[in-house]
Amino acid sequence: MIDLNDIAYCGPAPVPGEIWSAWNSDPTLVGALCAAFVVASMQGAVPRNRMLAAIGVLAIAFVSPFCAMTSALFSARAAHHLVVIAVAAPMIAWAIPFYPNRWCRVGFERSREAISRQASLDTVSRQARSLLGTSGEGRRASLPLAPTFIAATVTLWGWHVPAFYTAALTETWLYWLMQLSLLGTATLFWRALFTAPAPQALIAIAATIGQMGLLGALLTFAPEPMYLHHMVAPVAWGLTPLADQQLAGLIMWVPGNIPYAILGWVIARRMWRLQEAAA
Numbered sequence: 113m114i115d116l117n118d119i120a121y122c123g124p125a126p127v128p129g130e131i132w133s134a135w136n137s138d139p140t141l142v143g144a145l146c147a148a149f150v151v152a153s154m155q156g157a158v159p160r161n162r163m164l165a166a167i168g169v170l171a172i173a174f175v176s177p178f179c180a181m182t183s184a185l186f187s188a189r190a191a192h193h194l195v196v197i198a199v200a201a202p203m204i205a206w207a208i209p210f211y212p213n214r215w216c217r218v219g220f221e222r223s224r225e226a227i228s229r230q231a232s233l234d235t236v237s238r239q240a241r242s243l244l245g246t247s248g249e250g251r252r253a254s255l256p257l258a259p260t261f262i263a264a265t266v267t268l269w270g271w272h273v274p275a276f277y278t279a280a281l282t283e284t285w286l287y288w289l290m291q292l293s294l295l296g297t298a299t300l301f302w303r304a305l306f307t308a309p310a311p312q313a314l315i316a317i318a319a320t321i322g323q324m325g326l327l328g329a330l331l332t333f334a335p336e337p338m339y340l341h342h343m344v345a346p347v348a349w350g351l352t353p354l355a356d357q358q359l360a361g362l363i364m365w366v367p368g369n370i371p372y373a374i375l376g377w378v379i380a381r382r383m384w385r386l387q388e389a390a391a
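Residue numbers (the working numbering): 113 to 391.
See the structure below:
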């Protein structure tokens, strides 16, 4: 029989009046974050700032009372997973130096200067071909998109299987296996997205939105609660276990897809601009 208070890492489920005292002071975790901070501080200005932001997000996820909230509410766990895979992971992926064709970098540099007065029509056409995947240069710089998508998807779905989820909350090493596998596979997938030619990236983003939406829908419309560790604690927060699970599904379904939708919009907008400039 599972003890519903036996949460391996984040501690027992807090009640509302205790939440702001439920900080995580695990010395191993704090030491790891401090070591990462020191290493990141030694990098150049741009990767340093990006990595420090990612470390800050991870500190919020695992040191602040947010961690304890995940012991009480499955909806908080869903939000926590999204912070890991859709906020921290892309920050880490963008912080690690890499050197793709700049027209395959679909993220956050402005493209206007590249289609400037100095660029000839031939140059713009060549850049557009690279973005569209007809040049080998961008492909050589990319991580394999399909395998990283599959790995991230299987990992996300796998840890939402009730038996695996329950095991992760009763064994500390399984808890960290869950968190590190989610973060690692998501980081590789975001890195592949940042370097992939636009059409492939858009397909992968659409597939990601689809699978996240499907997982969210399954949680939202399940007829009964599925996760044993969240059968009691949600009541103290004014939620039934089923309502908590439904809220988790909605979080996964809608807010969880916003980062991917934003990236898809950026890619599509840049691709349209380059095609227009090359016409």
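Every residue, glycine too, gets a C-beta built ideally from N, C-alpha and C.
| request: With T332 as the anchor, note down where its alpha helix (DSSP H) starts and where it stops. | output: Here residue 332 refers to the residue found at position 220 of the sequence shown. Secondary structure note for T332: its alpha helix (DSSP H) is the uninterrupted segment A310 to F333.
| I374 classed as buried or exposed, judged by whether at least 16 other C-beta atoms fall within 10 angstroms | Here the question's residue 374 lines up with position 262 in the sequence shown. Burial is judged here by how many other beta carbons sit within 10 angstroms of a residue's own beta carbon; I374 has fewer than 16 and is exposed.
| task | Quick one: measure Cβ to Cβ for L295 and V196, integer angstroms, because I've assumed they're closer than 8 Å. | result | Taking the sequence shown and counting its residues from 1, one reaches residue 295 at position 183. Taking the sequence shown and counting its residues from 1, one reaches residue 196 at position 84. Indeed they touch by this definition, with Cβ atoms about 5 Å apart.
| field | Where the alpha helix (DSSP H) containing S176 begins and where it ends | value | Here residue 176 refers to the residue found at position 64 when the sequence shown is read from its first residue. It is not in any alpha helix (DSSP H) - S176 carries neither H nor E in the DSSP assignment.
| said: Among the candidates T140, P274, C146 and Q155, whose CA atom is the shortest distance from the CA of L330? | reply: Taking the sequence shown and counting its residues from 1, the one referred to as residue 330 is at position 218. Looking at T140, P274, C146 and Q155, the one whose alpha-carbon comes closest to that of L330 is P274.
| said: I'd like to know whether the C-beta atoms of A191 and A134 end up nearer to each other than 8 Å. | reply: Indexing the sequence shown from 1 puts residue 191 at position 79. Indexing the sequence shown from 1 puts residue 134 at position 22. Judged by their CB atoms, A191 and A134 are not nearer to each other than the 8 Å cut-off.
| said: Taking the alpha helix (DSSP H) that H193 belongs to, which residues open and close that run? | reply: Start at 1 with the first residue of the sequence shown, and residue 193 comes out as number 81. Looking at the DSSP string, the run of the alpha helix (DSSP H) that includes H193 is F186 to V195.
| request: Kindly list the residues whose CB is nearer than 6 Å to the CB of L351, restricted to its own chain and excluding five residues on each side of it in sequence; keep chain order. | output: Mapped onto the sequence shown, residue 351 falls at position 239. None.
| Ordered along the chain, which non-local residues of its own chain (more than five positions away) have a Cβ less than 6 Å from that of V127? | Position 15 of the sequence shown, counted from the start, is the residue given in the question as residue 127. These residues qualify, in order along the chain: A348.
| message | For Y372, count the other beta carbons within 10 Å of its own beta carbon; 16 or more makes it buried, fewer makes it exposed. Which is it? | response | Here residue 372 refers to the residue found at position 260 when the sequence shown is read from its first residue. Flag for Y372 reads buried.
| Residues of its chain near T297, where Cβ-Cβ distance is below 6 Å and the 5 sequence neighbours each way are ignored | Residue mapping note: residue 297 aligns to position 185 of the sequence shown, counting from 1. Leaving aside the five residues that flank T297 on each side, the residues in its chain whose CB is nearer than 6 Å to its CB run, in chain order, A263, A264 and T267.
| query | Are at least three pairs of beta-carbons, each pair with one atom in the region 162 to 174 and one in the region 198 to 209, less than 8 Å apart? | reply | Remark: three or more beta-carbon pairs, one from each stretch, lie closer than 8 Å, so the region 162 to 174 and the region 198 to 209 are flagged as touching.
| query | How far does the alpha helix (DSSP H) with Y121 in it reach, from first residue to last? | reply | Along the sequence shown, read from residue 1 onward, the residue named residue 121 stands at position 9. Per DSSP, Y121 belongs to no alpha helix (DSSP H) and is neither H nor E.
| task | Please report the Cβ distance between G322 and L194, rounded to the nearest whole angstrom; I am assuming they are in contact, meaning their Cβ atoms lie under 8 Å. | result | Stepping through the sequence shown from its first residue, residue 322 is reached at position 210. Stepping through the sequence shown from its first residue, residue 194 is reached at position 82. In this structure, G322 and L194 do not form a Cβ contact; the two beta carbons are roughly 16 Å apart against a cut-off of 8 Å.
| Considering only the beta carbon of each residue, do A125 and S187 sit closer than 8 Å? | In the sequence shown, counting from the first residue as 1, residue 125 sits at position 13. In the sequence shown, counting from the first residue as 1, residue 187 sits at position 75. Cβ atoms of A125 and S187: not closer than 8 Å.
| request: Determine the DSSP secondary structure at M290, reduced to helix, strand or coil. | output: Within the sequence shown, the letter at position 178 stands for residue 290. Three-state result, M290: helix.
| CA nearest to the CA of P337, picked from T307, G361 and A171 | Position 225 of the sequence shown holds residue 337. Taking only the C-alpha atoms, the option nearest P337 is G361.
| query | Based on Cα-Cα distance, which residue from T140, Y277, L292 and T299 lies nearest to L255? | reply | Within the sequence shown, residue 255 is the residue found at index 143, counting from 1. Minimum Cα distance to L255 is reached at T299.
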